[in-house]
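Q: To start, I am sharing the structure in question, which I have written as C-alpha cells.
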Amino acid sequence: ADVMGWAEWFGKGPGYPADPTVLKGKKLLVTWGHGALARSWCSVQEALLIGSRFGMDVTLAHPEGYDLDPQVIQWTRQNCAANGRTFTETTDVRAGYEGAHVVYSRHWMSPQAYRDGQFHKQEEIDKALKYPQWICDAEKMALTDNAIFTHPMPVDRGHEVTDEVASGPRSCIYDVAENRLHVQKAIMALTMAGV
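Heads up: the sequence shown begins at 5 in the working numbering, then just goes up one per residue.
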C-alpha cells in the first residue's frame with residue numbers, strides 16, 4: 005500500500021496504474037518522531053525494506069538509543085547495495101530531510117522497552133517525550149526536494165508530525181490508507197485462489 009501510494013504521487017497520480025519503477029533513485033527518509041504512544045518497529049522496518057527493494061536511497065534518522073533490529077538494517081543495506089543505492093543512518097534530526105522525496109515519520113520504541121519479561125510502557129513514553137525536536141514540521145519539510153509525507157496511521161498529531169504537514173497538500177496518508185484496502189483484498193483473493 006505504501007509503495008502504491010508513493011508511486012501514484014510520482015507517477016501520473018491517483019486513478020492511474022501505480023508504476024513502482026518511478027521510485028528508483030528517489031530518497032526515502034524514515035525518521036523517528038517523538039510520541040505519547042509506545043509503537044512497535046513493524047511498519048518502520050517494513051518501510052526500510054520495501055523502499056530499499058524498490059531502488060530508493062534510504063536514510064534512517066533517530067535519536068541515540070532508538071536503534072532498530074540489526075538484521076533488518078543489514079537487509080536494508082544489502083537491498084540498497086544490490087540496487088546501486090545508498091543507506092545512511094543518522095542521529096541528526098535535520099540531516100535526513102535534505103533532498104528527501106518521501107518522508108516517513110513514525111514513533112517507535114527503544115530496544116530497552118521489553119526487559120525482564122516486562123513491557124515498560126510508561127518509561128518508554130516518558131523517554132520519548134524528552135525529544136520534542138523530533139517532530140516532522142514545515143520547517144524540516146522545507147529542506148526536502150518537495151517531499152511527500154507518509155505515515156501508516158493512526159497519526160500522533162502534535163508529536164510525530166504537525167497538523168500543517170499531516171493535513172497539507174503534500175500528505176499522501178489517506179491515499180496510502182485507501183490503497184491498503186485494495187492490497188488486502190488482492191492478497192485475500194490470491195490466498196483463496198491458492199496462489
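Note that the Cβ used here is the ideal one computed from N, Cα and C, for glycine as well. Everything numeric in this text was worked out from a predicted model, so none of it was measured.
Given a cut-off of 9 Å on the beta-carbon distance, is the pair Val62 and Thr35 in contact?
A: no
Q: Among Tyr20, Gly19, Leu41, Trp13, whose alpha-carbon lies nearest the alpha-carbon of His124?
A: Leu41
Q: Starting from the Cα of Ala142, find the closest Cα among Leu33, Ala99, Ala170 and give me that residue.
A: Ala170
Q: For Gly55, collect the residues of the same chain with a Cβ closer than 7 Å to its Cβ; drop the 5 residues on either side in sequence, then sort them by chain order.
A: Counting only Cβ-Cβ distances below 7 Å, and skipping sequence neighbours, we find Leu32, Val62.
Q: Let me check one thing: in DSSP terms, what residues is Thr35 bridge-paired to?
A: Ala65, Ser109
Q: Tell me whether Gln116 sits in a helix, a strand or coil according to DSSP, three-state version.
A: Residue state, collapsed to three classes: coil.
Q: Per DSSP, which one or two residues make a beta bridge with Gln122?
A: Arg119
Q: Just confirm the distance between the C-beta atoms of His111 and Gly39, as a whole number of angstroms; I'd bet it's less than 8 Å.
A: The Cβ separation is near 3 Å, so the contact holds.
Q: Given this structure, state the Cα-to-Cα distance separating Glu185 from Cys176, to the nearest angstrom.
A: For the sequence presented, residue 185 should be read as Leu rather than Glu. Roughly 15 Å separates the two Cα atoms.
Q: How big is the Cα-Cα spacing for Asn183 and Gly9?
A: 7 Å
Q: Going by DSSP, what residues sit across from Ile54 in a beta bridge?
A: Answer is none; Ile54 lacks a bridge partner.
Q: Measure how close the beta-carbons of Ser47 and Pro156 come, nearest whole angstrom, since I'm counting them as under 8 Å.
A: 4 Å
Q: My guess is that Trp79 and Leu53 are in contact by the Cβ rule of under 8 Å, so how many angstroms apart are they, rounded?
A: 6 Å
Q: Is DSSP giving Thr95 helix, strand or coil here?
A: coil
Q: Between Glu122 and Asp149, what straight-line distance do the alpha-carbon atoms span, to the nearest angstrom?
A: Note on identity: in this sequence residue 122 is Gln, with Glu being the wrong assignment. C-alpha separation (whole angstroms): 42 Å.
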